[in-house]
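Enquirer:
2 protein chains.
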Amino acid sequence: MNNFRFFNPTEIIFGKDTQSVAGAETKKYGAKALLHYGGGSIKRSGLYGQIVDSLRESKVDFAELGGVEPNPRLSLVNEGVDLCRKEGIDFILAVGGGSVIDSAKAIAMGVPYDGDVWDFFIGRASQGNALPIGVVLTIPAAGSESSNGCVITDWENKNKLHFDFDKLRPRFAIMNPELTFTLPPYQTACGALDIMAHVMERYFTQTRNVELTDRLCEATLKTIIQNTPVVLRQPDNYDTRAEIMWAGTIANNDLLSTGRVGDWASHMIEHALSATNDVAHGAGLAIIFPAWMKHVYRQDLHRFTQFAVRVWNVEQRFDSPEQTALEGIDRLKSFSKSIGLPTSLKEIGITEKGFDNIVKKYKRSGDGTVGNFVKLTDEDINQILEIAK
Amino acid sequence: MNNFRFFNPTEIIFGKDTQSVAGAETKKYGAKALLHYGGGSIKRSGLYGQIVDSLRESKVDFAELGGVEPNPRLSLVNEGVDLCRKEGIDFILAVGGGSVIDSAKAIAMGVPYDGDVWDFFIGRASQGNALPIGVVLTIPAAGSESSNGCVITDWENKNKLHFDFDKLRPRFAIMNPELTFTLPPYQTACGALDIMAHVMERYFTQTRNVELTDRLCEATLKTIIQNTPVVLRQPDNYDTRAEIMWAGTIANNDLLSTGRVGDWASHMIEHALSATNDVAHGAGLAIIFPAWMKHVYRQDLHRFTQFAVRVWNVEQRFDSPEQTALEGIDRLKSFSKSIGLPTSLKEIGITEKGFDNIVKKYKRSGDGTVGNFVKLTDEDINQILEIAK
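Line by line, the protein sequences give chains H and D. The opening position of the first sequence corresponds to residue 1 in this note's numbering, with each subsequent residue numbered one higher. The opening position of the second sequence corresponds to residue 1001 in this note's numbering, with each subsequent residue numbered one higher.
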């Protein structure tokens, strides 16, 4: 186990009707808020009205900025930064899923920064300050509600990049599973895969002696595997939605990374994929992750066998760890299929012609590689895309 | 799953040599610290000198108060409160295990309180303020390093009572597994049982649909079961000590209680037991918990079967859940025995004559009962003690 620091001060406010405290919670941190949201869905569902009422009841002054799209855009972030400065905003309330929260985080960093906020994403700036933010979560997937990360897309230049910064952890996250009842099946499934991917990025590590976090990872994965098919059949099953929602936070609040080095190559490849093709992140991960696994599993057969046996209940073939490991990877792929996700690039219309674009775009480490479980080169990425064909 | 709030802002600083940052961390929160510790062990081990050096390097002024005993005493707490007021202390640095931390927490509450700090424990006061505290942990067991609770004994009146208060969560917890290498086997085993008990108090619930937290509980229990025998054979096995230390925090930082009602009857009975007989808390729990289980398991055979199968790898007897459940309880008892703990009251010299004292002393809820999984009356407690004979 490696040395680590773990500090996650996001207050989780979880359960039925919790959106009613949005105003009171906001009041604790700011005098004037930016209410930030996506398309029209929170207006149609009535959530927008509830939040506005709650802010008014708590006498919180606010401005608003809607229109966040999936793969949130740098252009809107810049607009948000200008608006916040003009309006004297000192707190951002994000109402939505990961895209809205990430957009809010980028705005929060941009406001006090004396330059272009994109500097943080391209490695030109690393420290800074940020306005405090709060969240009313409507989509369990990204885990951004208590993570320190955000992912923004510069759509003009087709660049999707992430930035991690501890001051970006939201002060509070209001999580009412009822708000997720209306999520369409495809989006629910994409969220499930995104959550699983956050766990798996941490699970596949070369750090030795990480038993507790291994087991916590397995617990979180099993919960998603168990509950996702149920919620697809019963979209308004509160308890099942609640399991997925809370698991989504645990998957990405950094508890599961304590003392270990995560991989994150699949995420980087998927970001390159969805920057060049407007595919949902969870769907991209459903395609990339098993292909990555097939490319790297021989590097640590023991770990992939453990994954198969403990997470997927594969009966261990003691005479063939390799067959056991491969069966685990197949189960992941079958699971994705069973919940309606694509598992090949072909299904989303990407052929070999598109590979170059993806290989060009992924965010590399200093040495030009990506990933930690195995350091991958462009050649590896090409092979992974080939497997994912 | 119930509605919940989860807020745990303790910064965990985990790993080798981390005690060296004690001074720098203390400096963030206070101008003058109380260095609070137990007997002479931290002086013998050299830790005391390291902490003092670290405080001096960071130019933190400090007073000190040693002498905390197991089952920490109200009398020393009162002494600490007076000392802090006299010296103008604004931060308490607890160096030790649960007893030292709990003593520090009680002092932290007592300083700003305009009355007897015992008021909080007997229900005469419930709100208040507290000095900030920090921890250098030397014994993984109580989980007090990031919990909101503390347990203090009024030794004159043989009363051991607990109080929970969110402002008591330490600001930071420095956790170096190397500091636990010298823990004697008996204390290591007591710690393991205490950690398991914190998980089991949360695990045995009547709240339905708590799959994620069930699985996180099972993950934590399995980690302790797997690592404790190893550490008893190899006391300076860093990674094994690390697993136990981190599991001890997770077990009691309230993550595992999110959305569910815990039981806590076994803890209340054990507190009464160790208030009247100076037995180690973990040893008391090793005796009480299986007896409690045998008394209540029929109330939810499903849950006890799950415990047996998932935590203890008992092969499920589909034709007899009861036998499966009982086998799980037996495995817990065998485990305690195997790590050198007593599993009957007789072994610690308590006979039926002592039962009355225990029954008189346990802390009751408003309705006079104790526990939530099953509400227990005095008659139940007598039966549990009878089983534990």
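For each residue, glycine too, the CB sits at the ideal point set by N, CA and C. Values in this document were obtained by computation on a predicted structure and should not be read as measured data.
So what does DSSP say about H/T305, is it helix, strand or coil?
Expert: The answer is helix: DSSP assigns H/T305 an H, G or I state.
Enquirer: Can at least three beta-carbon pairs, one atom from the segment 75-83 of chain H and one from the segment 105-115 of chain H, be found at a separation below 8 Å?
Expert: With a cut-off of 8 Å, the segment 105-115 of chain H and the segment 75-83 of chain H count as touching, because enough Cβ pairs lie within range.
Enquirer: For H/T18, I'd like the list of residues in its chain whose CB is within less than 6 Å of its CB, leaving aside the five on either flank, ordered along the chain.
Expert: Closer than 6 Å at Cβ, skipping near neighbours: I174, N176.
Enquirer: Given that a residue counts as buried once 16 or more other Cβ atoms are within 10 Å of its Cβ, and exposed if not, what is H/P112?
Expert: It is exposed - the Cβ of H/P112 has fewer than 16 other Cβ atoms within 10 Å.
Enquirer: Taking D/L1345 as the reference, give the member of D/Q1323, D/I1339, D/G1284, D/A1094 with the closest Cα.
Expert: The candidate whose alpha carbon is nearest that of D/L1345 is D/G1284.
Enquirer: Less than 8 Å separating the beta-carbons of D/H1302 and D/D1380?
Expert: Cβ distance not < 8 Å, so D/H1302 and D/D1380 don't count as in contact.
Enquirer: Under the assumption that D/L1137 contacts H/L216 (Cβ atoms under 8 Å), give the Cβ distance between them as a whole number of angstroms.
Expert: Going by Cβ atoms, the distance from D/L1137 to H/L216 rounds to 20 Å, so no, they are not a contact pair.
Enquirer: Are any of the Cβ atoms in chain D nearer than 8 Å to that of H/N2?
Expert: Yes - at least one Cβ of chain D is within 8 Å of the one on H/N2.
Enquirer: Using a threshold of 8 Å, state whether the C-beta atoms of H/G259 and H/T220 are closer than that.
Expert: It is not a contact, given that the beta carbons lie outside the stated cut-off.
Enquirer: Can you look up H/G97 in the DSSP assignment and give me helix, strand or coil?
Expert: Coil at H/G97, not helix or strand.
Enquirer: Could you list which residues in chain H have their beta carbon closer than 7 Å to that of D/L1216, in chain order?
Expert: Within 7 Å Cβ-Cβ: L216, A219.
Enquirer: Grab the span of the beta strand (DSSP E) containing D/F1163 for me, first residue to last.
Expert: Its beta strand (DSSP E) spans residues 1159-1164.
Enquirer: Closest to H/S334 by CA distance: which of H/N148, H/Q316, H/S103, H/A286 is it?
Expert: Minimum Cα distance to H/S334 is reached at H/A286.
Enquirer: Reducing DSSP to helix, strand and coil, say where H/F373 ends up.
Expert: Looking at H/F373 - three-state DSSP - the assignment turns out to be coil, as it is neither helix nor strand.
Enquirer: I'd like the ranges of any beta strand (DSSP E) spanning at least 3 consecutive residues and lying wholly in the segment 1103-1184 of chain D.
Expert: With a minimum length of 3 residues, the continuous beta strand (DSSP E) runs that stay inside the segment 1103-1184 of chain D are 1133-1137, 1149-1154, 1159-1164, 1172-1175.
Enquirer: Based on the DSSP secondary-structure assignment, which residues constitute the bridge partners of H/Y186?
Expert: Partner(s): none; H/Y186 has no beta bridge.
Enquirer: Take every Cβ of the segment 1014-1029 of chain D, pair it with every Cβ of the segment 1252-1266 of chain D, and state whether three or more of those distances are shorter than 8 Å.
Expert: Short answer: they don't touch.
Enquirer: What number of angstroms, rounded off, separates the C-alpha of H/R169 from the C-alpha of H/N8?
Expert: Roughly 7 Å between the two C-alpha positions.
Enquirer: Counting only beta-carbon atoms, is H/T180 nearer than 8 Å to chain D?
Expert: Taking Cβ atoms only, chain D never reaches closer than 8 Å to H/T180, which makes this a no.
Enquirer: Using alpha carbons as the reference points, say which of D/W1264, D/D1278, D/L1193 lies closest to D/S1338.
Expert: Of the candidates D/W1264, D/D1278, D/L1193, the one whose C-alpha sits nearest the C-alpha of D/S1338 is D/L1193.
Enquirer: Counting only Cβ pairs nearer than 9 Å, list the residues of chain D close to H/E25.
Expert: Per Cβ cutoff of 9 Å: no residues; H/E25 is ~11 Å from chain D at best.
Enquirer: Does any residue of chain D bring its CB to less than 8 Å from the CB of H/I12?
Expert: Chain D contact via Cβ: present.
Enquirer: So if I threshold CB-CB distances at 7 Å, which residues from the segment 1127-1143 of chain D count as touching chain H?
Expert: Going along the segment 1127-1143 of chain D in chain order, one finds no residue with a Cβ nearer than 7 Å to chain H.
Enquirer: Please classify D/D1254 as buried or exposed, where buried requires at least 16 other C-beta atoms within 10 Å of its C-beta.
Expert: D/D1254 is buried by the Cβ-count criterion.
Enquirer: Pairing CB atoms from the segment 1186-1206 of chain D with CB atoms from the segment 1221-1228 of chain D, are three or more of them under 8 Å?
Expert: Yes, the segment 1186-1206 of chain D touches the segment 1221-1228 of chain D.
Enquirer: Can you give me the Cβ contacts of H/L332 inside the same chain, cut-off strictly under 6 Å, excluding the 5 residues immediately before and after it?
Expert: So the list reads P290, once near-sequence residues are dropped.
Enquirer: In the structure shown, what three-state DSSP assignment does D/L1065 receive?
Expert: It is a strand residue.
Enquirer: Would you call the segment 1233-1248 of chain D in contact with the segment 1348-1355 of chain D, where contact means no fewer than 3 C-beta pairs closer than 8 Å?
Expert: Result no; under three Cβ-Cβ pairs closer than 8 Å.
Enquirer: What did DSSP end up calling D/E1315 once you bin it into helix, strand or coil?
Expert: Residue state, collapsed to three classes: coil.
Enquirer: Within 8 Å of any Cβ in chain H, is that where the Cβ of D/T1228 sits?
Expert: Not closer than 8 Å to any Cβ of chain H, the Cβ of D/T1228 fails to qualify, so no.
Enquirer: What beta strand (DSSP E) runs, 3 residues minimum, are completely inside the segment 21-97 of chain H?
Expert: DSSP runs (the beta strand (DSSP E)) wholly in the segment 21-97 of chain H: 32-37, 61-65, 91-96.
Enquirer: Hey, D/R1317 and D/E1218: beta-carbon distance below 8 Å or not?
Expert: Going by C-beta atoms, D/R1317 is not nearer than 8 Å to D/E1218.
Enquirer: Which residues, in order along the segment 1316-1335 of chain D, keep a beta-carbon less than 7 Å from a beta-carbon of chain H?
Expert: Within the segment 1316-1335 of chain D, no residue has a Cβ that lies closer than 7 Å to any Cβ of chain H.
Enquirer: Taking the alpha carbon of H/S58 as the reference point, which residue from H/L74, H/G39, H/A31 has its own alpha carbon closest?
Expert: Of the listed residues, the one whose Cα sits closest to H/S58 is H/A31.
Enquirer: Any beta carbon from chain H within less than 8 Å of D/E1352's own beta carbon?
Expert: D/E1352 does not count as touching chain H.
Enquirer: So D/K1222 contacts chain H; which residues on that side make the cut at Cβ distance below 8 Å?
Expert: Residues of chain H passing the Cβ test: R215.
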